[in-house]
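As structure tokens, the structure follows; a few thoughts come after it.
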Amino acid sequence: MGKIIVGTSGYSYKEWVGPFYPENTKQADYLAFYAGRFETVELNFSYYAMPASEQLRRMLETDNSQQAVSQQAARNLTYSIKAHQSLTHKIDPAKWRDEAKTYLTAIEPLLEAGRLDAVLIQFPFSFRYEADNRRHLANLLTEFSGAPVAVEFRNNEWNSNRVIDEFKKRNVAYVSTDSPDIKGLPNVLDVSTSSISYFRLHGRNEKNWWDSDSRSRYDYLYNDEELKGAAERVRRMAVKADKALVYFNNHARGQAVKNAQSLKKILENENGTKSCSS
């Protein structure tokens with residue numbers, strides 16, 4: 002079974018002060034504190050703003066600062082990082098390749114340090130299984146062939162053997178998700194298509210999924226039974242992978258941290274082994 006690593010989607014939330022970060026923790030110290038408790042984090046800021054290499058170099062230094070609870074844990078912190086919206090949501094056929102090159106240059110510090118788990122390429126519900134979109138995806142994966150890549154679809158039309166087979170050929174991870182049971186969203190599909198498995202838990206807030214902002218959409222706290230079901234899925238995903246990455250995206254009020262810590266304990270108790278967060 003591959004190594005199971007549990008973390009959260011994002012870490013720099015001021016509302017986590019109290020539920021997770023100690024009172025009066027400065028925002029500049031969030032990452033170092035996080036690094037002492039988890040081995041991986043999924044970075045989201047890179048979707049909204051194109052990252053820069055110097056920015057990520059500073060991040061590698063910050064997580065290893067004296068503020069970290071465990072220096073060894075800080076040195077081991079690894080990152081998944083979301084692709085910029087110009088590659089997935091606001092695609093300009095004349096410009097996206099230049100944007101991809103800029104992005105790949107920016108993430109070089111993570112690659113060089115051996116601390117990049119994956120580039121998360123997440124497409125919106127509107128990205129349907131159509132000829133132009135299939136060509137864009139194929140071309141984008143070619144551009145990113147030198148990096149570990151995981152692709153998340155929000156439209157169930159991409160749930161097909163043809164897509165799975167192509168991802169296996171390219172060693173690209175098909176992202177498994179936990180989300181509300183809403184028509185059109187991806188069905189549960191836990192399949193290994195690369196050396197890594199990738200699992201994102203968005204919560205099951207059906208009521209707020211479509212007509213709300215992202216905070217309300219992902220405002221959900223998993224209960225123990227739901228987490229036990231998630232643990233079963235994670236274990237199945239880890240069987241055929243070298244590494245299974247698990248990220249909780251239900252970030253409101255520190256729920257992602259609480260659920261991530263609970264899932265870790267479930268995995269420890271049921272597997273009799275220590276999962277990769279503390």
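Our numbering puts the first residue of the sequence shown at 2, with every later residue one more than the last.
Using N, Cα and C, we set each Cβ at its ideal position, and we do this for glycine too.
Because the structure is a prediction, the values reported are computed rather than measured.
Residue i (DSSP reduced to helix, strand or coil)
{"i": "GLY185", "result": "coil"}
{"i": "TYR22", "result": "strand"}
{"i": "VAL235", "result": "helix"}
{"i": "ARG201", "result": "strand"}
{"i": "PHE34", "result": "helix"}
{"i": "VAL247", "result": "strand"}
{"i": "ILE220", "result": "A small fix is needed here, since residue 220 is Asp in this sequence, not Ile. Three-state result, ASP220: coil."}
{"i": "GLY255", "result": "helix"}
{"i": "SER278", "result": "Reliability fails at SER278, whose pLDDT of 44 lies under 50, so the model's placement of it is uncertain and the value that follows must be treated cautiously. Three-state result, SER278: strand."}
{"i": "THR194", "result": "coil"}
{"i": "ASP225", "result": "helix"}
{"i": "VAL166", "result": "This sequence places Asp at residue 166; Val is not what is there. Helix at ASP166."}
{"i": "SER177", "result": "strand"}
{"i": "TRP211", "result": "coil"}
{"i": "LYS27", "result": "coil"}
{"i": "SER1", "result": "No information on residue 1 is available, as it lies outside the stretch 2 to 279 that the chain covers here."}
{"i": "ASN157", "result": "helix"}
{"i": "ASN270", "result": "helix"}
Distance, residue j Cα to residue i Cα
{"i": "GLU40", "j": "LEU78", "result": "5 Å"}
{"i": "ASN282", "j": "ALA253", "result": "There is no way to answer for residue 282, as the model of the chain reaches only from 2 to 279."}
{"i": "MET2", "j": "VAL42", "result": "21 Å"}
{"i": "MET238", "j": "VAL18", "result": "33 Å"}
{"i": "ASP191", "j": "ARG236", "result": "10 Å"}
{"i": "GLU16", "j": "THR26", "result": "11 Å"}
{"i": "LEU202", "j": "ILE183", "result": "15 Å"}
{"i": "TYR49", "j": "LYS208", "result": "25 Å"}
{"i": "ASP118", "j": "ASP212", "result": "32 Å"}
{"i": "TYR199", "j": "GLU24", "result": "32 Å"}
{"i": "GLU62", "j": "PHE126", "result": "36 Å"}
{"i": "ALA107", "j": "GLU55", "result": "8 Å"}
{"i": "LYS241", "j": "TRP97", "result": "33 Å"}
{"i": "ALA95", "j": "GLU226", "result": "48 Å"}
{"i": "ILE82", "j": "TYR175", "result": "15 Å"}
{"i": "LYS170", "j": "SER196", "result": "12 Å"}
{"i": "ALA114", "j": "MET60", "result": "12 Å"}
{"i": "ASN162", "j": "GLU271", "result": "32 Å"}
{"i": "ASP243", "j": "ILE5", "result": "9 Å"}
Presumed contact (8 Å Cβ cut-off) between residue i and residue j, rounded CB distance
{"i": "ALA101", "j": "GLU144", "result": "4 Å"}
{"i": "TYR130", "j": "GLU158", "result": "4 Å"}
{"i": "ARG283", "j": "SER180", "result": "Absent from the model: residue 283. The displayed extent of the chain is 2 to 279, so no value can be given."}
{"i": "PHE21", "j": "GLY230", "result": "With a Cβ gap of about 24 Å, PHE21 and GLY230 do not count as contacting."}
{"i": "PRO149", "j": "VAL189", "result": "Actually they do not touch by this definition, with Cβ atoms about 23 Å apart."}
{"i": "ALA232", "j": "LEU186", "result": "Incorrect: roughly 22 Å between the Cβ atoms, too far for contact."}
{"i": "SER13", "j": "GLN28", "result": "7 Å"}
{"i": "TYR228", "j": "LEU264", "result": "In the sequence as presented, Tyr is not what sits at residue 228; that position holds Leu. With a Cβ gap of about 5 Å, LEU228 and LEU264 count as contacting."}
Identity of the residues DSSP links to residue i by a beta bridge
{"i": "LYS4", "result": "LYS244"}
{"i": "LEU44", "result": "ILE82"}
{"i": "SER10", "result": "GLU43"}
Alpha helix (DSSP H) segments (min. 4 residues) lying fully within the stretch 49-120: 54-63, 72-77, 97-107, 109-113
Alpha helix (DSSP H) runs wholly inside the stretch 114-155, at least 4 long, in chain order: 132-144
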